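Report on the following structure.
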């Protein structure tokens, strides 16, 4: 036993000598019982060896402790992408923990005084003490029941459709921007954020399926910012890649705000709103779809190359007719289309109170919108935006025309429950008129209708629901084995359709459904 103690002493001694400091952290995050047992042991050890000599004199062991806190998440992997997590020092690293770090953390207490050569405080009436300040509490707009339902069914949808690149869902109040639920799956347990083992098989398949995103290449030994190149100037694939950081990054990401996608037909709601507000279309405006339409030598088709014939705006939305919306986009023109696109918030972040919202949206500027670019943009296949941007834009289209700022924190309170700050609704601007918004509500309800056509699967007897499905092609990704583009299936629903309060949005990124690619099916 004496040798064991001497070995441990030597280990600590070597650690102190190595970093040239008299201070060395031996352990962190131990509970109080462990702390007390160590202190008792050290006290007894020092007494027993106080008068030792020669080989028995090891020296005095001095151990000190300091209080720290540890964040626990009792619900485990629940709303993980929203809540985020803290690092080993309790500093917010992701999610709300990061964006509200200073609010939650409070301020440590401290005393400023003089010390003697032994480090002991000198009694001094000039010592200054600053009291500790407790951190504040966040009261979220998330509804625990809605969040649980969203996560459960999102997991089921991902499994049922063999979704390759995760999925996300958002439930939001269209009038205030309050987020009632937000989920990205698969995700992680914030109590053990470094552990991705529960989703390892899924992550391995995702990385293998999307080499254009996840391939790891060898780095230059002399400059880690550069890649090694072969004789043809191509990057060299790492033969033994370590995907640890890649796997963690995937499950940590809040897909609703950090990743871009092509919205596809869901965007037709916005093009319809542009047409109605600008006066270039009414509910009764008819245009013909022959199944194909050529713009500057570029020929467009509707899904399945269907010819929908003469149809009005509501019929075109239900049929998700590319040709109708291309013609409507041409009527708008590049200048008006871009101005509306900008006003609906697609060229800027939504301003949600979560960190890491991307600002790298891809779209054609006004000067870049030629006839072909405008045509593709009109049915949502030429811009890459975030799911939350789509949600705020559709909310504006149905709530009377107002673009609101989405938020997760409802209010901030102190330790006694007193409200320090109310977040509330923040309207950025009015995008379209109330009359245009009323027309959008009508055609979105017609899309769901009686459950027989279009977005009919969103129909629920006894409820007035409006919606729009979207199946988009991921033009920035390698094609699938069958030669077709990878797809994204999404659906946005609003209810009650006559005066919407709630928007429900679901997106599945690259579903591999054996029966169909289309989100309406």
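Residue numbers (my numbering): 57 to 577.
From the three backbone atoms N, C-alpha and C, an ideal C-beta is built for every residue, glycine too.
Keep in mind it's a predicted model, so treat the numbers as computed, not measured.
Test item: CB-CB of residue i and residue j under 8 Å
i, j, result
"residue 554", "residue 217", "no"
"residue 316", "residue 239", "no"
"residue 348", "residue 342", "no"
"residue 464", "residue 408", "yes"
"residue 414", "residue 313", "yes"
"residue 220", "residue 262", "yes"
"residue 376", "residue 422", "no"
"residue 401", "residue 449", "yes"
"residue 191", "residue 162", "yes"
"residue 253", "residue 351", "no"
"residue 344", "residue 368", "no"
"residue 476", "residue 230", "no"
"residue 291", "residue 436", "no"
"residue 303", "residue 259", "yes"
"residue 266", "residue 533", "yes"
"residue 242", "residue 255", "yes"
Paired residues, beta bridge with residue i - DSSP
i, result
"residue 562", "225 and 547"
"residue 417", "Residue 417 is not bridged to any residue."
"residue 467", "195 and 478"
"residue 235", "228"
"residue 306", "Per DSSP, none; premise fails for residue 306."
"residue 345", "365"
"residue 261", "Note: residue 261 sits in no beta bridge, so no partner."
"residue 459", "485"
"residue 285", "291"
"residue 351", "354"
"residue 502", "Note: residue 502 sits in no beta bridge, so no partner."
"residue 241", "223"
Simplified DSSP state of residue i, which is helix, strand or coil
i, result
"residue 440", "strand"
"residue 410", "coil"
"residue 519", "coil"
"residue 557", "coil"
"residue 536", "coil"
"residue 424", "helix"
"residue 292", "coil"
"residue 300", "helix"
"residue 57", "Because the pLDDT at residue 57 is just 48, under 50, the model does not fix this residue reliably, and the point stays unresolved."
"residue 316", "coil"
"residue 129", "coil"
"residue 451", "helix"
"residue 275", "strand"
"residue 101", "helix"
"residue 402", "coil"
Same chain, Cβ closer than 6 Å to residue i, five either side skipped, listed in chain order
i, result
"residue 203", "135 and 237"
"residue 417", "441"
"residue 562", "225 and 547"
"residue 346", "363"
"residue 57", "Only weak support is given to the placement of residue 57: the predicted model assigns it a pLDDT of 48, under 50, and the value that follows is read from those uncertain coordinates. So no residue of the chain qualifies."
"residue 372", "380"
"residue 90", "none"
Member of the options whose CA lies at the smallest distance from the CA of residue i
i, options, result
"residue 459", "487, 474 and 438", "487"
"residue 567", "426, 521 and 545", "545"
"residue 320", "288, 542 and 336", "542"
"residue 85", "122, 95, 292 and 556", "122"
"residue 509", "447, 446 and 370", "370"
"residue 490", "436, 292 and 456", "456"
"residue 311", "270, 436 and 445", "445"
"residue 481", "289, 194, 246 and 228", "228"
"residue 248", "141, 494, 281 and 104", "141"
"residue 131", "161, 244, 104 and 147", "244"
"residue 195", "159, 230 and 211", "159"
"residue 451", "496, 424, 302 and 264", "496"
"residue 374", "297, 507 and 538", "507"
"residue 138", "251, 309 and 147", "309"
"residue 359", "146, 526 and 157", "526"
"residue 461", "524, 157, 394 and 447", "447"
"residue 322", "266, 528, 198 and 201", "528"
"residue 478", "485, 470 and 484", "470"
"residue 125", "144, 101, 256 and 393", "144"
"residue 193", "234, 474 and 538", "474"
"residue 353", "485, 146, 426 and 127", "426"
Residues near residue i by beta carbon distance below 8 Å, same chain, minus five either side
i, result
"residue 521", "501, 504, 514, 515, 549, 550, 551, 552 and 553"
"residue 387", "331, 336 and 337"
"residue 519", "551 and 552"
"residue 213", "219, 223, 562 and 564"
"residue 293", "271, 272, 273 and 274"
Beta-carbon proximity list for residue i, same chain, < 7 Å, skipping 5 on both sides
i, result
"residue 531", "318 and 541"
"residue 536", "542"
"residue 329", "453, 488, 492 and 496"
Any non-hydrogen atom of the ligand ATP closer than 7 Å to residue i Cβ
i, result
"residue 238", "Judged by which ligands are present, the structure shown has none, so any question about the ligand ATP falls away."
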